[in-house]
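Engineer: Quick one: this structure, given as structure tokens, is what I'll be asking you about.
Right, dumping it as structure tokens:
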């Protein structure tokens, strides 16, 4: 999780880039605050963003917000796989009246550390009460992330002792995406951060395992609607190294940066960040 604050609430307009996690943006601003626009849906306030939602923008007069990233195998805490798979829903639609109570607790907290503790407690309780994905499905997701999206579906099926057909069916039902699309998203995310770091497309192709620039261009277009050149300066990417400094090692996402669906220990302090923007 990470906390964001502007000392003086100011208009924000950001194109959000797809990420291999389910994201909760909890708006702690006064008045209308955060406005989101994606999938032909426009709303304001706290929002839940599933895997690979396509083009999405966040705007509005934003003062403070808390961002929580959940691995999709832990995100069943939010409800059904429809939340995980590319959907954009208000937090109230997902958590009902409890959403307002959580927001109020977070707003009245005396510090960011207290806010992080409140959020961790809420998610931990919901994980404890919610459904679990199959251990095989959790393993497949971890292997996909650890491999930077460069994994063979047949190989994953052999690892867990499932047929390819069963693997696809379970992943789609419990994660909301097929293994192939999950791998594409993870590899795209790796490539997008390399582009943001200033690596030219040809270098990104070599580092990310693409055959050539054409598949890279295709994936970037599919997940963002933009070209690789246009994605590189995206502010949502540029801030990741500051907000989530422990989520990247050697250009590859590390499993465990978000609340773990199979543990009940508090969120590690090294993933807690509060950024004060002047």
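Numbering (UniProt numbering), first residue to last: 1 to 278. Think of the CB as a built atom: it goes at the ideal place given N, C-alpha and C, for glycine as much as any other residue. A quick note: this is a predicted structure, and the numbers were derived from the prediction, not measured.
Measuring straight from C-alpha to C-alpha, what distance separates residue 38 and residue 186?
Structural biologist: Cα to Cα, residue 38 sits roughly 21 Å from residue 186.
Engineer: One question on the structure: do residue 174 and residue 133 come within less than 8 Å of each other, judged by their Cβ atoms?
Structural biologist: Cβ distance < 8 Å, so residue 174 and residue 133 count as in contact.
Engineer: Compute the distance between the beta-carbons of residue 28 and residue 107, then report whether it is under 8 Å.
Structural biologist: Yes.
Engineer: Tell me whether residue 224 is buried or exposed, calling it buried when 16 or more other Cβ atoms sit within 10 Å of its Cβ.
Structural biologist: Answer is buried; the Cβ neighbour count reaches 16.
Engineer: Going along the chain, which residues of its own chain have a beta-carbon closer than 7 Å to the beta-carbon of residue 205, five neighbours each way excluded?
Structural biologist: Only 212, 213 and 216 meet the Cβ criterion.
Engineer: Output the distance between the C-alpha atoms of residue 195 and residue 46, rounded to the nearest integer angstrom.
Structural biologist: Taking the straight line joining both Cα atoms gives about 29 Å.
Engineer: Between the C-alpha atoms of residue 169 and residue 120, what's the straight-line distance to the nearest angstrom?
Structural biologist: C-alpha separation (whole angstroms): 31 Å.
Engineer: According to the neighbour-count rule (16 or more other Cβ atoms, all chains shown, within 10 Å of its Cβ), is residue 145 buried or exposed?
Structural biologist: Residue 145 should be labelled buried.
Engineer: Can you give me the C-alpha to C-alpha distance between residue 4 and residue 208, rounded to a whole angstrom?
Structural biologist: Looking at the two C-alpha atoms, the distance is approximately 30 Å.
Engineer: Using the C-alpha atoms, what's the distance from residue 68 back to residue 266?
Structural biologist: With a pLDDT of only 33 at residue 266, under 50, the local geometry of the prediction cannot be trusted, and no value is derived from it.
Engineer: With DSSP collapsed to three states, give me the class of residue 172.
Structural biologist: Residue 172: helix per DSSP, three-state reduction.
Engineer: With residue 60 as the anchor, note down where its beta strand (DSSP E) starts and where it stops.
Structural biologist: Segment 56-70, the beta strand (DSSP E) holding residue 60.
Engineer: Using alpha carbons as the reference points, say which of 57, 172 and 222 lies closest to residue 12.
Structural biologist: Of the listed residues, the one whose Cα sits closest to residue 12 is 57.
Engineer: If you draw a straight line from the alpha carbon of residue 161 to that of residue 143, how long is it in whole angstroms?
Structural biologist: Spanning the two alpha carbons is a distance of roughly 15 Å.
Engineer: At what residues does the beta strand (DSSP E) containing residue 49 begin and finish?
Structural biologist: Per DSSP, residue 49 belongs to the beta strand (DSSP E) from 47-49.
Engineer: Going by CA-CA distance only, name the one from 131, 2, 7 and 14 that's closest to residue 235.
Structural biologist: Of the listed residues, the one whose Cα sits closest to residue 235 is 14.
Engineer: Taking residue 1 as the reference, give the member of 138, 30 and 71 with the closest Cα.
Structural biologist: Of 138, 30 and 71, the residue nearest in Cα terms is 71.
Engineer: Take residue 227 and list the residues in its own chain whose beta-carbon comes closer than 8 Å to its own, dropping the five residues that flank it on each side.
Structural biologist: Counting only Cβ-Cβ distances below 8 Å, and skipping sequence neighbours, we find 217, 220 and 221.
Engineer: Does the Cβ of residue 135 have 16 or more other Cβ atoms within 10 Å, making it buried, or fewer, making it exposed?
Structural biologist: Looking at its Cβ environment, which holds fewer than 16 other Cβ atoms inside 10 Å, residue 135 is exposed.
Engineer: Since residue 25 sits in a beta bridge, which residues does DSSP pair it with?
Structural biologist: Beta-bridge pairing links residue 25 to 47 and 67.
Engineer: Cα separation between residue 97 and residue 104?
Structural biologist: For residue 97 and residue 104, the distance between alpha carbons rounds to 11 Å.
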